[in-house]
Amino acid sequence: MIRTFVFCLTIFIILLSGCKKTTRSFPDDFGEKVYRHIVHLSAQIGERESGSDSEALAANYVRGQLIDIGIDTELEKFSFETFRLDSAILKIGDSKYEVKQIYFNPYDSIYSFQGNFITIDSIGRPDGQSITDRIVITHLENQYFFFAKENARLVLIVDPFNYKEIKRLENALCDVGIFGKMANYQSQNVAGHLIASVKTKKFIIIGAHHDTYPTSPGADDNASGVGALIELARYFKSMEDRLNTNIRFISFGSEEKGILGSRIYLNQHGPELEDCILMYNMDNIGGPSLMIEAKKGVNRNFHVIGGNEFPAITRNRPWEAIGSSWRILEPEIFEVFAITNKPEWIINVIDEVLQELEIEVRKTGNLGADQQTFTQAGIVATSIGTSGNVFHTPDDTHLQINKTSLQQVGQISTEIILKTMDQMKDRKMILQ
Ligand SMILES: [Zn+2]
């Protein structure tokens, strides 16, 4: 009996040792723990729009969690000014129409527009006409990126009923008045610092944003990323004596206002970022299909690390209203979003990890969240996320969260961070 047991045990050990090493004893309950943070942030705190008390509550929750884990953590409060829209009036002939949302640049001090307009009811250029520098009237909601990329001068979104009437008046002139004033708001980033066992200035940033889109409880976007940030902090803290690089865990505020929290962080910490070897972001990680920003290519010579290429007039200011009554039109922002900085070493790290873990992840180009702040500053940055869930709506609740994805993102992220640290042993590779 004993001999049979010993024999079986030996076979078991041989089988185990023959197994492919997939993780470094990664916790089985990682996804479950992330899920509990998601429930707290989305169901108990709920909507956490930039500048609100609930956003501050979420930030304090993250700070409290990191401190409980034993990580030195600071709340980095910041104030910002933005245009508060009170009303907008569209006049065509003798008729006045209500405007639901406006796309324009509120920071260039032009609040009245007159002239011809063009109506658009489907995405694409009407009859081949360009909408560049035109006043556009539409009933299409959620097509901001189309209008922004086409460089429209002003876009007015009206309800479909009014749109029908306006379309018949297309040859008339319009008169648009935008009323409001600049106002100040408070938001915050949370910064946890985990110090390596060897003395080094080098650090990796692991980031996620804790604010939400208005009216959304933001379970997937982005309580999921924040939950993973907290649990990765716990995991790396448990192996701190083996880390050769410091880690900063940054939970950004105001991401939904145009990556504002990360832009403020850049302005506050720019010179330190020269020692940042990787910025690793997590945003929307609770959907069914995984994706990661991993297209090789560097399309800039970064002479200064930690610089800010975003247009000065929009710097430290939101690109979307509190409440989302307006969104910004500023072509230069999109030029900065086209900057890439993915040298070969980070692509190799990501490829190796995905092969070892045998997890299917779609590789994408720039996804355009907080990581882009760092990419444009010459720092190697990437972001992991998922597709298949709804976001920016009241339906982004914990009910749609896929726990398997949370677990897999945890494993992938851990391995990418540790492999990046492994590379630090050979500085030359990092600096390539
Ligand atoms: Zn997000």
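Numbers in the working numbering are just positions in the sequence shown, counted from 1, shifted up by 4. For each residue, glycine too, the CB sits at the ideal point set by N, CA and C. None of the values given here were measured: they were computed from a predicted structure.
- Message: Tell me whether Glu259, by its Cβ, gets closer than 7 Å to a heavy atom of ligand 1.
- Response: Looking up residue 259 in the sequence shown gives position 255. Yes - ligand 1 has a heavy atom lying nearer than 7 Å to the Cβ of Glu259.
- Compare the beta carbon distance of Phe34 and Glu235 with 8 Å and say whether it is the shorter of the two. As a working note, residue 34 is residue 30 in the sequence shown. As a working note, residue 235 is residue 231 in the sequence shown. It is a contact, given that the beta carbons lie within the stated cut-off.
- Message: Tell me the residue span of the beta strand (DSSP E) that contains Gly184.
- Response: Numbered from 1 along the sequence shown, position 180 holds the residue referred to as residue 184. Where Gly184 is concerned, the enclosing beta strand (DSSP E) stretches over Cys178 to Leu198.
- Give every residue of the same chain whose Cβ lies closer than 8 Å to the Cβ of Leu270, excluding the five residues on either side of it in the sequence, and list them in chain order. On the sequence shown, residue 270 is found 266 positions in, with the first residue counted as 1. So the list reads Leu277, Gly310, Asn312, Thr377, Phe378 and Ala381, once near-sequence residues are dropped.
- Message: At the level of alpha carbons, what is the spacing between Ile73 and Leu282?
- Response: Taking the first residue of the sequence shown as 1, we reach residue 73 at position 69. Taking the first residue of the sequence shown as 1, we reach residue 282 at position 278. Rounded to whole angstroms, the gap between the alpha carbons of Ile73 and Leu282 is 23 Å.
- Would you say the stretch 152-159 touches the stretch 84-103, given that touching needs at least three Cβ pairs under 8 Å? Not touching, per the Cβ criterion.
- Item | Residue range of the unbroken alpha helix (DSSP H) whose run includes Val230 | Against the sequence shown, residue 230 aligns to sequence position 226. Note, Val230: alpha helix (DSSP H), Ser228 to Ser242.
- Message: Can you tell me whether Ala385 is buried or exposed? The criterion is at least 16 other CB atoms within 10 Å of its CB, across all chains shown.
- Response: Here residue 385 is taken as the residue at index 381 of the sequence shown, counted from 1. By the neighbour-count rule (16 or more Cβ atoms within 10 Å), Ala385 is buried.
- Message: Let me check one thing: in DSSP terms, what residues is Ile96 bridge-paired to?
- Response: Residue numbering aside, residue 96 sits at position 92 when the sequence shown is read from its first letter. In the DSSP output, where bridge partners are listed per residue, Ile96 has Ser99 and Cys178.
- For Ile75, which residues from the same chain have a beta carbon less than 8 Å from its beta carbon, with the 5 sequence-adjacent residues on both sides left out? Your numbering for residue 75 matches position 71 in the sequence shown. Answer for Ile75: Gly196, His197, Leu198, Ala237, Lys241 and Phe253, listed in chain order.
- Between the beta-carbon of Leu45 and the beta-carbon of Gly119, is there less than 8 Å? Counting from one through the sequence shown, the residue named residue 45 turns up at place 41. Counting from one through the sequence shown, the residue named residue 119 turns up at place 115. Their beta carbons are not under 8 Å apart, which means Leu45 does not touch Gly119 by this criterion.
- Using alpha carbons as the reference points, say which of Tyr189, Ile251 and Lys171 lies closest to Leu422. Numbered from 1 along the sequence shown, position 418 holds the residue referred to as residue 422. Cα-wise, what sits closest to Leu422 is Ile251.
- Taking only the alpha-carbon atoms, compute the straight-line gap between Thr408 and Ala212 and give it to the nearest angstrom. Taking the first residue of the sequence shown as position 1, residue 408 is located at position 404. Taking the first residue of the sequence shown as position 1, residue 212 is located at position 208. Distance between the alpha carbons of Thr408 and Ala212: 19 Å.
- Task: Please confirm whether any heavy atom of ligand 2 lies closer than 7 Å to the CB of Asp287.
- Result: In terms of ligand content, the structure shown lacks ligand 2 and carries ligand 1 instead.
- Query: Roughly how many whole angstroms lie between the Cα atoms of Ile332 and Glu244?
  - Reply: Stepping through the sequence shown from its first residue, residue 332 is reached at position 328. Stepping through the sequence shown from its first residue, residue 244 is reached at position 240. If you take the alpha carbons of Ile332 and Glu244, they lie about 43 Å apart.
- Item | Short Cβ contact (8 Å threshold) for Gly290 with Ile405 | Translated into positions along the sequence shown, residue 290 becomes position 286. Translated into positions along the sequence shown, residue 405 becomes position 401. It is a contact, given that the beta carbons lie within the stated cut-off.
- Message: Once the 5 residues before and after Lys104 are set aside, which same chain residues still bring their CB inside 8 Å of it?
- Response: Along the sequence shown, read from residue 1 onward, the residue named residue 104 stands at position 100. If you ignore the 5 residues before and after Lys104, its C-beta comes within less than 8 Å of the C-beta of Glu145, Ile161, Val162 and Asp163, all in its own chain and listed in chain order.
- Item | Own chain residues within Cβ distance below 8 Å of Thr27, not counting five before or after | As a first step, residue 27 must be located in the sequence shown, where it is residue number 23. Note on Thr27: pLDDT 45, under 50, position unreliable in the model; the coordinate value appears next. Counting only Cβ-Cβ distances below 8 Å, and skipping sequence neighbours, we find Leu361, Gln415, Thr418 and Glu419.
- beta strand (DSSP E) segments (min. 3 residues) lying fully within the stretch 94-178: 99-102, 105-108, 116-119, 122-124, 139-142 and 158-161
- Query: Any contact of the stretch 110-119 with the stretch 201-212, i.e. 3+ C-beta pairs under 8 Å?
  - Reply: no
- Item | Identity of the residue in Leu264, Asp400, Leu410 and Val308 nearest Glu324 by Cα | Taking the first residue of the sequence shown as position 1, residue 324 is located at position 320. For the set Leu264, Asp400, Leu410 and Val308, the Cα lying nearest the Cα of Glu324 is the one of Leu264.
- Message: What ranges does the alpha helix (DSSP H) occupy inside the stretch 316-355, keeping only unbroken runs of at least 4 residues that lie completely in it?
- Response: If we require 4 residues or more, the alpha helix (DSSP H) runs fully inside the stretch 316-355 come out as 335-341.
- On a CA-only basis, which of Ile337, Glu53, Thr77 and Phe87 is nearest Met186? Give me that one, please. Taking the sequence shown and counting its residues from 1, the one referred to as residue 186 is at position 182. The residue with the shortest Cα to Cα distance from Met186 is Phe87.
- Drop a sphere of 10 angstroms on the beta-carbon of Ile71, count the other beta-carbons inside from all chains shown, and report buried for 16 or more, exposed for fewer. Numbered from its first residue, the sequence shown carries residue 71 at position 67. It is exposed - the Cβ of Ile71 has fewer than 16 other Cβ atoms within 10 Å.
- Query: Just how far apart, CA to CA, sit Thr368 and Ile296?
  - Reply: Locating residue 368 in the sequence shown gives position 364, counting from the first residue. Locating residue 296 in the sequence shown gives position 292, counting from the first residue. Rounded to whole angstroms, Thr368 to Ile296 spans 6 Å at the Cα level.
- Could you pull out every residue in the same chain whose Cβ sits closer than 6 Å to the Cβ of Arg1, ignoring the five residues on either side in sequence? Residue 1 lies beyond the residue range present for the chain, which begins at 5 and ends at 436; the question has no answer from this structure.
- Query: Does the Cβ-Cβ distance between Asn288 and Ser228 come in under 8 Å?
  - Reply: Residue numbering aside, residue 288 sits at position 284 when the sequence shown is read from its first letter. Residue numbering aside, residue 228 sits at position 224 when the sequence shown is read from its first letter. In contact: Asn288 and Ser228 (Cβ atoms closer than 8 Å).
- Given a threshold of 16 other Cβ atoms within 10 Å of its Cβ, counted over all protein chains shown, does Arg246 qualify as buried or as exposed? Here residue 246 refers to the residue found at position 242 of the sequence shown. With fewer than 16 other CB atoms across the displayed protein chains lying within 10 angstroms of its CB, Arg246 is exposed.
- Short Cβ contact (8 Å threshold) for Ala232 with Val38: Start at 1 with the first residue of the sequence shown, and residue 232 comes out as number 228. Start at 1 with the first residue of the sequence shown, and residue 38 comes out as number 34. Yes, Cβ-Cβ distance for Ala232 and Val38 is below 8 Å.
- Query: To the nearest whole angstrom, what separates the beta carbons of Ile170 and Ile141, a pair I think is in contact under 8 Å?
  - Reply: Here residue 170 corresponds to residue number 166 of the sequence shown, with the count starting at 1. Here residue 141 corresponds to residue number 137 of the sequence shown, with the count starting at 1. Yes, they are in contact, since the Cβ atoms of Ile170 and Ile141 sit about 6 Å apart, within 8 Å.
- Run the CB neighbour count on Asn345, radius 10 Å, all protein chains shown included, and call it buried at 16 or more, exposed below. To locate residue 345, count along the sequence shown from 1; it is residue 341. Looking at its Cβ environment, which holds 16 or more other Cβ atoms inside 10 Å, Asn345 is buried.
- Message: Counting C-beta neighbours from all protein chains within 10 Å, is the total for Gly262 16 or more, i.e. buried, or is it exposed?
- Response: Along the sequence shown, read from residue 1 onward, the residue named residue 262 stands at position 258. It counts as buried.
- Message: When you measure from the CB of Asp225 to every non-hydrogen atom of ligand 1, does any distance come out below 7 Å?
- Response: As a working mapping, residue 225 is identified with position 221 in the sequence shown. It does: the Cβ of Asp225 is within 7 Å (strictly closer) of some heavy atom of ligand 1.
- Query: In whole angstroms, what separates the C-alpha of His214 from that of Arg319?
  - Reply: The count along the sequence shown starts at 1 and reaches residue 214 at position 210. The count along the sequence shown starts at 1 and reaches residue 319 at position 315. Their Cα atoms are separated by approximately 21 Å.
- Item | Exposure of Leu403, with buried meaning 16 or more beta-carbon neighbours within 10 Å | The count along the sequence shown starts at 1 and reaches residue 403 at position 399. It counts as exposed.
- Closer than 7 Å: Ala62 CB and nearest ligand 1 heavy atom: Working through the sequence shown from its first residue, we reach residue 62 at position 58. No, ligand 1 has no heavy atom inside 7 Å of this Cβ.
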